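Asks: Would you mind keeping the following structure in view while I ask a few things?
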Amino acid sequence: METPRHLHGVYPCGLQEEKLQSPAVFPKDREGGGSAIPNTRSAARQLRKSLRRRRRNDLRRSAIRYWRKQILKLISEGNREEALRIFPNYQKAVDKAASHGAIHKNKADRLKARMWRRITAT
Numbered sequence: 172m173e174t175p176r177h178l179h180g181v182y183p184c185g186l187q188e189e190k191l192q193s194p195a196v197f198p199k200d201r202e203g204g205g206s207a208i209p210n211t212r213s214a215a216r217q218l219r220k221s222l223r224r225r226r227r228n229d230l231r232r233s234a235i236r237y238w239r240k241q242i243l244k245l246i247s248e249g250n251r252e253e254a255l256r257i258f259p260n261y262q263k264a265v266d267k268a269a270s271h272g273a274i275h276k277n278k279a280d281r282l283k284a285r286m287w288r289r290i291t292a293t
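Next comes the structure, spelled out in structure tokens:
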């Protein structure tokens, strides 16, 4: 039986082929086989949700890295006042990542404490 025209490129779970091009979906084959292609609609939905969450968490963690680099650059230049001025932005990024689960709460506290010590030590 021929596949209906509107179903070409659609997997058994109904997920479109184009949406599965992420490297997170197609890892290198491991021993024992296995496939990252979801078999059910609920598995496809979970895959999409996990990819969305991963992108959001990556953005939250990259915001932490951005503000950390800015502060460390200011500290190395000896500009303590400016580093103190942008420290709340760093705190906000760290707290937001912790509240959404991108990093652990204890790690957030540790990051803020270490950065505060570095700023005030200069």
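Here the sequence shown is numbered in this note's numbering, starting from 172 and rising by one per residue.
Where is the CB? At the ideal position from N, CA and C, for every residue including glycine.
All of these numbers come straight from a predicted model, not from anything done at the bench.
Where does A214 land, buried or exposed, given buried means 16+ other C-beta within 10 angstroms?
Replies: Exposed, by the Cβ-count rule.
Asks: Note down, in chain order, each residue of its chain lying with its Cβ closer than 8 Å to the Cβ of F258, except the 5 sequence neighbours on either side.
Replies: Here the set comprises I242, M286, W287 and I290.
Asks: Under 8 Å, with one C-beta from each stretch per pair, do the segment 254 to 272 and the segment 217 to 231 reach the 3-pair mark?
Replies: With a cut-off of 8 Å, the segment 217 to 231 and the segment 254 to 272 count as touching, because enough Cβ pairs lie within range.
Asks: Pick out whichever of A207, R212 and L230 has its Cα sitting closest to the Cα of A268.
Replies: Closest by alpha carbon: L230.
Asks: Does DSSP classify A207 as helix, strand or coil?
Replies: A207 falls in the coil class under three-state DSSP.
Asks: For A207 versus W238, is the C-beta spacing smaller than 9 Å?
Replies: Cβ atoms of A207 and W238: not closer than 9 Å.
Asks: Quick check on A254: buried or exposed, where buried means 16 or more other Cβ atoms within 10 Å of its Cβ?
Replies: So A254 ends up on the buried side.
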